[in-house]
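Those letters in the sequence shown? Residues 6 to 159, by our numbering.
Written below as structure tokens is the structure these notes are about.
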Amino acid sequence: VLELGAGTGLPSILAVQLGASRVVSSDYPDPAILATLNKNLETNLAANLKDRWIVKGHVWGEWTHHLNAAAMHTDVLDVSKLDPSEPTIMPAFDVILLADTFWMRHQHDNLLKDLQSLLNPSGTIWAVAGLHSGRAVMEAFFSKADSEYGFRVE
6 VLELGAGTGL PSILAVQLGA SRVVSSDYPD PAILATLNKN LETNLAANLK DRWIVKGHVW
66 GEWTHHLNAA AMHTDVLDVS KLDPSEPTIM PAFDVILLAD TFWMRHQHDN LLKDLQSLLN
126 PSGTIWAVAG LHSGRAVMEA FFSKADSEYG FRVE
């Protein structure tokens with residue numbers, strides 16, 4: 006399971022508590038943001054579940070190799086042998102969670118590119134957004150996901 010734009014990490018916490026074997030919680034790589042996310046996960050997960058999650062910083066639209074490596078329970082991935090113009094390694098995530106990630110309309114393409122490179126072909130994306138994002142913004146995202154990126158939107 007991958008949560009993009011994790012914020013406080015509530016969906017990640019629930020995914021771990023509901024039995025996900027590995028959860029990668031990701032947000033913008035600002036030290037304060039990641040420290041808060043780490044603290045929330047540590048505070049709200051039992052000690053026996055702590056090996057099931059990891060926090061990773063990520064800027065949408067940039068390389069996703071470190072996220073796929075984290076899904077494989079490793080931080081070790083020899084990126085020196087990877088070509089940045091090539092697609093990422095095999096998408097590792099069966100489930101991607103998005104909660105309130107649509108409000109930055111200028112980031113829709115970057116987010117959709119990441120979803121393409123991170124979602125296993127048989128995987129599912131679960132997305133929720135508040136009305137404060139605006140219906141037009143959400144409709145634009147889902148329309149683009151369907152028409153330009155080939156995602157089936159239900």
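The beta carbon of each residue, even a glycine, is placed where N, CA and C say it ideally should be.
Secondary structure at residue i, three-state DSSP: helix, strand or coil?
i: F98; result: strand
i: L50; result: coil
i: S17; result: helix
i: D35; result: coil
i: L23; result: coil
i: L82; result: Because the pLDDT of L82 is 49, which lies under 50, any placement of that residue in the model is unreliable, and the number read from its coordinates should be weighed accordingly. Coil at L82, not helix or strand.
Quick one: is residue i buried, meaning 16 or more other Cβ sit within 10 Å of its Cβ, or exposed?
i: D56; result: exposed
i: G14; result: buried
i: S127; result: exposed
i: V29; result: buried
i: D151; result: exposed
i: T48; result: exposed
Have a look at the options and flag the residue whose alpha-carbon is nearest the alpha-carbon of residue i.
i: I59; options: F147, L9, G66; result: L9
i: W108; options: M77, K61, A40, L136; result: L136
i: E159; options: S17, G139, W131; result: W131
i: I18; options: L102, A150, S138, G139; result: L102
Give me the Cβ distance between residue i and residue j, rounded to the nearest whole Å; I'm assuming they're in contact under 8 Å.
i: S31; j: G62; result: 7 Å
i: V21; j: L50; result: 6 Å
Next on the checklist: List, from N- to C-terminal side, the alpha helix (DSSP H) runs of 4 residues or more that fit wholly inside the region 92-156.
Outcome noted: 113-123, 140-152
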